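S.K.: First to last, the protein sequences are chains A and B. Using my numbering, the letters of the first sequence correspond one by one to residues 65 to 409. Using my numbering, the letters of the second sequence correspond one by one to residues 70 to 412. I'd like to ask some things about the structure below.
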Amino acid sequence: MDSLLPAVAAADAAPLSPGQLRELYSLMAAVRYLDTSAVAWQRQGIIPGYAPELGQEAAQVGSAYALDTARDFAFPTYREMGVARTMGVDMVAYMSTHKATWHGGMYDPLASRLAPIQAVVAGSVLHAVGWAHGQTLSGGQGVALSYFGDGASSQGDVHEAMNFAAVMKAPVVFFIQNNGWAISVPTERQVAGGSVAARAAGYGIPGTQVDGNDVVAVHEATRNAFAHCRAGNGPVVVEAMTYRRGPHSTADDPGRYRSLDDERIDAGEDPLERLRERLLAEGVADEAFFMTANQAARAEEEAIRTGIEALGPRPGNEMFDFVFQETTPALENQATRWREESEHV
Amino acid sequence: MSESTTALLEAGARDEQSVKLSMQQALNRALDEILSTDPKTVVFGEDCGQLGGVFRITDGLQAKHGESRVFDTPLAESGILGMSVGLAMAGFHPIPEVQFDGFAYPAINQIVCQIARMNYRSRGTLPMPITLRVPSFGGIRAPEHHGESLEALFAHVPGLKVVSPSDPHDAYHLLKYAASRPDPVIFMEPKSRYWQKGDVDTSDAGPLTGARIVRPGRHLTLVAWGAMVARCLQVAELAAEDGIDVEVLDLRWLKPIDAEALATSVGKTRRAVVVHEAPLTSGLGAEVAQLITQSCFDTLKAPVERVTGFDVPYPSGDLEDEYIPNIDRILLGIQRVLEYRRG
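The structure is reproduced here in structure tokens:
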């Protein structure tokens, strides 16, 4: 960890219990299995595309595990499947965005406490700041958790968001998954200075780099950041250093910009394998546990796949129904014409 | 807080119904009342707090309603609009200000991709009751990007509604109305009209949606909005001296456009000229002309004429009068329509 970064005080919290550690593994196993399966679904023609998060399970599960969904709110981009799963979001509704059913996903963002899936990489970072400032204005205790990556950190909105949040002392955790790649461009050609967290010092707020493949370290860093925010101390930057083991999306071909040897060297140790070894070494879990967890992951994937396969297209009138809360005569006319002409055809 | 606004806020306590106010005062009073009646409203932007905004539209509001309701933001338009999205998601009713129209450009991603789409993306679960105030149009010989006409840009975006008042009465009532609606509204304030006084009937808003006939006439309809309405009224007076009875239709809502009002007016006059400051090509004049043609094709005496700005960047103050449709150019447009002969 960089000593130049203002540190976040460690929260006075108990270490993760054996039960919590096992739960983290179960979540990561479920996410891993669903993620690799979703790539297969695309190859099988079940879904048209998917953006895998392979290798980022510890970063996503560990951070989202710190959320209190009774009061907090998370703001994803489009690669946060592990976050959604950890938060307990309806995964058929979440994965529907990859079925091309509805852009933002079919889940209820208010009930789920997860903003709609966002295709503009830094699009939701300012939303997190606004939501967090709303907590300040209404006296709420909620914290906004803003997810984005090293690529998104190049966008101007990230600067505006960090500066606004720092000026307003908004309770927001900027959680960067630095996965080494923005499609084909590596971090060293993306992030000047090598660290997004280092920018925190310029805003006078704490920033932390954490081993993003260590779920316990990620969780503790995020939990500390939440405690900092909840105590009214303003925003925190947490940068989880991880690795995008898969392609950017199912349409991508990493062979054009990195070799398999590079991947083996750069990816480091598999976050799931790491946790498994730790749990075994500490006697927290045995082989029977892992077998059960993996079986549960498979069963879960099967249920989600069945749900996705059963998901038909939305009725066309929904194109018109959700543009406004109060529709306009012009839009009503277009909807009427669409209905008449589609029935005629 | 300036003395005039202090007096104004106090005057608000009295029970008068029709008052003479400038548009700046009318907008200020509307915001004051919105803040007083809707605890979820927050007003913010660059210099909106202690200074009261560069046009003093928010003058005195921070002192009266507190720093949590009316506040300054850092100087970043994307931040202001992106923050509005998050506040709306948290249940607030944001009324952000973009200081000058040309500075909506740095926020275009947040306006177009986020504010306009969040209700759609979330299948109606995250409405965006945001009223974005934009001091708009030219006429004050300001620096670059301090005078632009962005209505066609905004109107083209699914999910946005666009309105522009032309006088203090409408400014007062339309702002209160826009702020009470659940959808995002781009509220384009004609900055060259901020200081013109007019009667504001606070008790009777009149119709809040659709267009408004500001001068009835028989021979031709002038369609305008914002600052061009006052100019078209001047033109109508001059035309009347030549026996030409011009109807002036203030479109007010640029999205949705009141197609029925256009059909009724031009159905009667059978001739139309649409006037706007924005560039000609793909301007709202084209949309208005098409709506009129659709409804009045059989009875139109001439093609709908457009008198507009040119397809050039909004020019410097010295050339502003050459760019903005002036009285002579509008009269010439009227003449072309009146003299049109088929075949």
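Ideal Cβ positions, reconstructed from N, Cα and C, are used throughout, including at glycine. Every value quoted in this text rests on a predicted model; they were computed, and no experiment measured them.
#1: If you follow the alpha helix (DSSP H) that B:Ile403 is in, where does it begin and where does it stop?
#2: To the nearest angstrom, report how far apart A:Ser411 and B:Pro198 are at their CA atoms.
#3: Which class does B:Ser272 belong to by DSSP, given the choice of helix, strand or coil?
#4: Tell me the DSSP secondary structure of B:Glu310 in three-state form.
#5: Any contact of the stretch 319-339 of chain B with the stretch 218-234 of chain B, i.e. 3+ C-beta pairs under 8 Å?
#6: Can a CB atom of chain B be found closer than 8 Å to the CB of A:Phe239?
#7: Is it a yes or a no for the stretch 156-175 of chain B touching the stretch 198-209 of chain B, going by three-plus beta-carbon pairs under 8 Å?
#8: So, with DSSP's three-state summary, where would you put B:Thr110?
#9: Considering only C-alpha positions, which residue in the set B:Phe124, B:Ala247, B:Met152 is nearest to B:Pro259?
#10: So does the stretch 119-139 of chain A actually touch the stretch 246-260 of chain A, counting three or more Cβ pairs closer than 8 Å?
#11: Counting contacts by CB-CB distance shorter than 8 Å, is A:Asn12 in contact with chain B?
#12: Tell me which residues share the same chain as A:Gly319 and place their Cβ nearer than 8 Å to its Cβ, disregarding the 5 neighbours each side in the sequence.
#13: Against chain B, which members of the stretch 290-306 of chain A pass a CB distance test of less than 8 Å?
#14: Name the chain B residues whose beta carbon is nearer than 7 Å to that of A:Asp221?
#15: Is there a Cβ of chain B sitting closer than 8 Å to that of A:Leu98, yes or no?
#16: Is the separation between the beta-carbon of A:Gly169 and that of A:Thr161 shorter than 8 Å?
#17: Run the CB neighbour count on A:Asp350, radius 10 Å, all protein chains shown included, and call it buried at 16 or more, exposed below.
#18: For the candidate residues A:Ala164, A:Val156, A:Ala183, whose alpha-carbon lies nearest to that of A:Asp172?
#19: Just curious, the beta strand (DSSP E) that A:Gln273 is in, first and last residue?
#20: Have a look at B:Gly129 and A:Gln273 and give me their C-alpha separation to the nearest angstrom.
#21: Under 7 Å between beta-carbons, which chain A residues line up against B:Tyr189? List them in chain order, please.
#22: Put A:Gln241 into one of helix, strand or coil per three-state DSSP.
#23: B:Leu222 versus chain A: which residues are under 8 Å apart at the beta carbon?
#24: Between which two residues does the beta strand (DSSP E) holding B:Asp141 run?
#25: Using a Cβ-Cβ cutoff of less than 6 Å, which residues in the same chain neighbour A:Arg177 once the five nearest sequence positions on both sides are dropped?
#26: With 7 Å as the limit, tell me which residues of the stretch 188-207 of chain B have their beta carbon closer than that to any beta carbon of chain A; keep them in chain order.
#27: Which two residues bound the contiguous beta strand (DSSP E) that contains B:Asp319?
#28: Identify whether B:Ser334 lies in helix, strand or coil by the three-state DSSP scheme.
#29: Is the stretch 106-120 of chain A touching the stretch 216-234 of chain A, taking contact as three or more C-beta pairs under 8 Å?
#30: Mind pulling the chain B residues with CB within less than 7 Å of A:Asp172?
#31: In terms of residues, what are the limits of the alpha helix (DSSP H) holding B:Ser249?
#32: Could you tell me which chain A residues have their CB closer than 9 Å to the CB of B:Gln183, listed as they occur along the chain?
#33: What residues from the stretch 112-145 of chain B come within 9 Å of chain A, judged by C-beta to C-beta, listed N to C?
#34: Can you give the Cα-Cα distance for B:Ala332 and A:Pro379, rounded to whole angstroms?
#35: Can you give me the Cβ contacts of A:Asp66 inside the same chain, cut-off strictly under 7 Å, excluding the 5 residues immediately before and after it?
#36: Residue range of the alpha helix (DSSP H) that A:Ser202 falls in?
M.R.: Let me spell this out:
#1: Run containing B:Ile403: 396-407, per the alpha helix (DSSP H) assignment.
#2: This structure cannot speak to residue 411 of chain A, because chain A is shown only from 65 to 409.
#3: In the structure shown, B:Ser272 adopts coil according to DSSP, grouped into three states.
#4: Note: B:Glu310 maps to helix in three-state DSSP.
#5: Look at the beta carbons and you see the stretch 319-339 of chain B touching the stretch 218-234 of chain B: at least three pairs across the two are nearer than 8 Å.
#6: Taking CB atoms only, A:Phe239 has no neighbour in chain B less than 8 Å away.
#7: Output reads yes: the stretch 198-209 of chain B touches the stretch 156-175 of chain B.
#8: Here DSSP, grouped into helix, strand and coil, assigns B:Thr110 to strand.
#9: Nearest Cα to B:Pro259 within the set B:Phe124, B:Ala247, B:Met152: B:Phe124.
#10: No contact exists between the stretch 119-139 of chain A and the stretch 246-260 of chain A.
#11: The shown model of chain A, from 65 to 409, leaves out residue 12 of chain A, and the question about it has no answer.
#12: Correct list: empty, nothing qualifies.
#13: The residues in question: there are none.
#14: Simply Ser147, Gly151.
#15: By this cut-off, A:Leu98 is not an interface position.
#16: Using a Cβ distance threshold of 8 Å, A:Gly169 and A:Thr161 count as a contacting pair.
#17: Around the beta-carbon of A:Asp350, fewer than 16 other beta-carbon atoms lie within 10 Å, marking it exposed.
#18: Cα-wise, what sits closest to A:Asp172 is A:Val156.
#19: It spans 271-275 - the beta strand (DSSP E) in which A:Gln273 sits, taken as one unbroken run.
#20: Rounded to whole angstroms, B:Gly129 to A:Gln273 spans 45 Å at the Cα level.
#21: B:Tyr189 reaches chain A at Phe386, Val387, counting residues in chain order whose Cβ is nearer than 7 Å.
#22: In the displayed model, A:Gln241 falls within a strand according to three-state DSSP.
#23: Under the 8 Å cutoff, chain A gives no residues; its nearest Cβ is about 17 Å from B:Leu222.
#24: Here the beta strand (DSSP E) through B:Asp141 covers 139-141.
#25: Result list for A:Arg177: Thr133, Phe137, in chain order.
#26: Cβ proximity to chain A below 7 Å picks out Asn188, Tyr189, Arg190, Ser191, Arg192, Gly193, Thr194, Leu195, Pro196 from the stretch 188-207 of chain B.
#27: Unbroken beta strand (DSSP E) run through B:Asp319: 315-319.
#28: Annotated three-state conformation of B:Ser334 is helix, per DSSP.
#29: Taking one beta carbon from each stretch, the stretch 106-120 of chain A and the stretch 216-234 of chain A have fewer than 3 pairs nearer than 8 Å; the two do not touch.
#30: Among the residues of chain B, those whose CB is under 7 Å from the CB of A:Asp172 are Thr194, following chain order.
#31: 237-249 is the extent of the alpha helix (DSSP H) around B:Ser249.
#32: Gln182, Val184, Gly187, Ser188, Leu190, His191, listed in chain order.
#33: Those would be Ser137, Arg138, Phe140, Thr142, Pro143, Ala145, in chain order.
#34: Those two C-alpha atoms are separated by around 33 Å.
#35: Unreliable positioning characterises A:Asp66 in this predicted model, as indicated by a pLDDT of 42, which lies under 50. A coordinate reading is not provided.
#36: Counting along the chain, the alpha helix (DSSP H) containing A:Ser202 begins and ends at 189-202.
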